[in-house]
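Sequence lines, in order, name chains P and D.
Heads up: the first sequence runs through residues 48 to 191, numbered per my numbering.
Heads up: the second sequence runs through residues 48 to 191, numbered per my numbering.
The C-beta atom is built at its ideal place from N, Cα and C for all residues, glycine as well.
2 protein chains.
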Amino acid sequence: MITNNENAKTVLLKSGIKPTAQRISVLSFLLSTKSHPTIDEIFSALKKAIPTLSKTTLYNTLKLFEEKGVSLSLNIDYHKRRYDGFSKPHFHFLCKKCGRVFDILLKDISKIINSRHVNIASIETFHGYFYGICRNCKEERRNI
Amino acid sequence: MITNNENAKTVLLKSGIKPTAQRISVLSFLLSTKSHPTIDEIFSALKKAIPTLSKTTLYNTLKLFEEKGVSLSLNIDYHKRRYDGFSKPHFHFLCKKCGRVFDILLKDISKIINSRHVNIASIETFHGYFYGICRNCKEERRNI
DNA sequence: ATGACTGCAAAATATTTGCATATTC
DNA sequence: GAATATGCAAATATTTTGCAGTCAT
Chain P
48 MITNNENAKT VLLKSGIKPT AQRISVLSFL LSTKSHPTID EIFSALKKAI PTLSKTTLYN
108 TLKLFEEKGV SLSLNIDYHK RRYDGFSKPH FHFLCKKCGR VFDILLKDIS KIINSRHVNI
168 ASIETFHGYF YGICRNCKEE RRNI
Chain D
48 MITNNENAKT VLLKSGIKPT AQRISVLSFL LSTKSHPTID EIFSALKKAI PTLSKTTLYN
108 TLKLFEEKGV SLSLNIDYHK RRYDGFSKPH FHFLCKKCGR VFDILLKDIS KIINSRHVNI
168 ASIETFHGYF YGICRNCKEE RRNI
């Protein structure tokens, strides 16, 4: 965890973000998980280490991270925003049964992003959300 | 508008949805616009014709439409859900300057949807959201 | 000491739910 | 007349805002 924190601190400094204890913890946590946590999940995870932590700070922090390209917020699930310790462009997949979100790396994403369209002058970001059933849930169903 | 209503009614009947006045109006409106309206925009547009209309009915109706594959709800803009009189699979583009949402039809969408991934057993839906600046806004900027 | 950051409480917003009434076949 | 649909009001949930206190340089 200490090494995670050091890494997070380095990323923040590189991105021009003042590395406060809260921010380091948030980024460190995001980098440590592939679960695409919600605000509440991040809050619960960090509350032990930082008892004074507030959700306002989380919202501020995650908004700042997104602006600076340090992390990503996902609208894959309308009812709860999810966060992702962003690295390279990728898609997401939501399993309708277990609710988990998986990262989807597609080689041809650049093709899509480079596509031309009459209404588009320039593209800054792309979010791709798939919805279906994950392999794990499909197998569980099979075992019933 | 009468022909629109007739068309909407036909679609509803085909989809196994009881064609009430409210539902016909909602679908007719969705089919008449490419603006990807929010609940409030739909509400305002229909309030004149149906003064008793409630947002509860709109939410119910749009949820039903989505379940039956008659329309689509978009999470492209986190703060307001948008609705689309769905026809074929397509992407959406949100202009960060004017806030308008455009339909993006890509021929290679089927390639993407057919992609295989270790975590995915089956895919039911795909949403692709692009964010950037539309041509109209870019040209306005140029003229300043 | 100054400016940035944090966090509490309140406000704003969007969506859902419970239930009574109305409508339709 | 039974089942379904509508719409009001209240509840829920989430995010934002205002502001006062805190921290770091």
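N- and C-terminal bounds of the alpha helix (DSSP H) containing P:F133: Segment: none, P:F133 is in no alpha helix (DSSP H) and carries neither H nor E.
Residue range of the beta strand (DSSP E) that P:I151 falls in? Note, P:I151: beta strand (DSSP E), V148 to I151.
Could you tell me the distance, in whole angstroms, from the CA atom of P:P98 to the CA atom of P:G132? Each residue's CA atom was taken as its position, placing P:P98 and P:G132 some 23 Å apart.
Cβ closer than 9 Å: which chain P residues qualify as neighbours of D:E171? By Cβ distance, chain P contributes K143, F177, Y178, G179 and I180.
Using a beta-carbon distance below 8 Å, is P:H126 in contact with chain D? No, its Cβ sits nowhere closer than 8 Å to a Cβ of chain D.
Give the single residue among D:G63, D:K61 and D:K94 whose Cα lies nearest to the Cα of D:Q69. Per the Cα distances, D:K94.
When burial is assigned at 16 or more other CB atoms within 10 Å of the CB, is P:S157 buried or exposed? With a pLDDT of only 47 at P:S157, under 50, the local geometry of the prediction cannot be trusted, and no value is derived from it.
Name, please, each residue of chain D whose Cβ falls closer than 7 Å to the Cβ of P:N122. Around P:N122, the beta-carbon contacts reaching into chain D at under 7 Å are N122 and Y125.
With DSSP collapsed to three states, give me the class of P:S82. Three-state result, P:S82: coil.
Opening and closing residue of the beta strand (DSSP E) in which P:L100 lies: Element bounds for P:L100: n/a, residue is neither H nor E.
CB-CB length for P:D124 against P:H137, believed under 8 Å: A Cβ-Cβ distance of about 17 Å is found for the pair P:D124 and P:H137, leaving them out of contact under the 8 Å criterion.
Quick check on P:Y106: buried or exposed, where buried means 16 or more other Cβ atoms within 10 Å of its Cβ? With fewer than 16 Cβ atoms within 10 Å of its Cβ, P:Y106 is classed as exposed.
How should D:G175 be labelled, buried or exposed, when 16 other C-beta atoms within 10 angstroms of its C-beta is the threshold for buried? Of the other Cβ atoms in all chains shown, 16 or more fall within 10 Å of the Cβ of D:G175; this residue is therefore buried.
Residues in the same chain with beta-carbon distance under 8 Å from D:E88, minus the five sequence neighbours each way, listed in chain order, please. Leaving aside the five residues that flank D:E88 on each side, the residues in its chain whose CB is nearer than 8 Å to its CB run, in chain order, S82.
Hey, P:A55 and P:L78 are a contact pair by Cβ (cut 8 Å); roughly how many whole angstroms apart? Indeed they touch by this definition, with Cβ atoms about 6 Å apart.
Looking at D:P147: is its Cβ nearer than 8 Å to the Cβ of D:P84? The sequence shown places Arg at residue 147 of chain D, not Pro. Not in contact: D:R147 and D:P84 (Cβ atoms no closer than 8 Å).
Do P:N122 and D:N51 have their CB atoms nearer than 8 Å? Contact flag unset, no.
DSSP three-state assignment for D:T67, whether helix, strand or coil: In the three-state reduction of the DSSP assignment, D:T67 falls in the coil class.
Amino acids of chain P, ordered along the chain, whose beta-carbon sits closer than 7 Å to that of D:H174: Contact of D:H174 with chain P by beta-carbon distance below 7 Å involves Y176.
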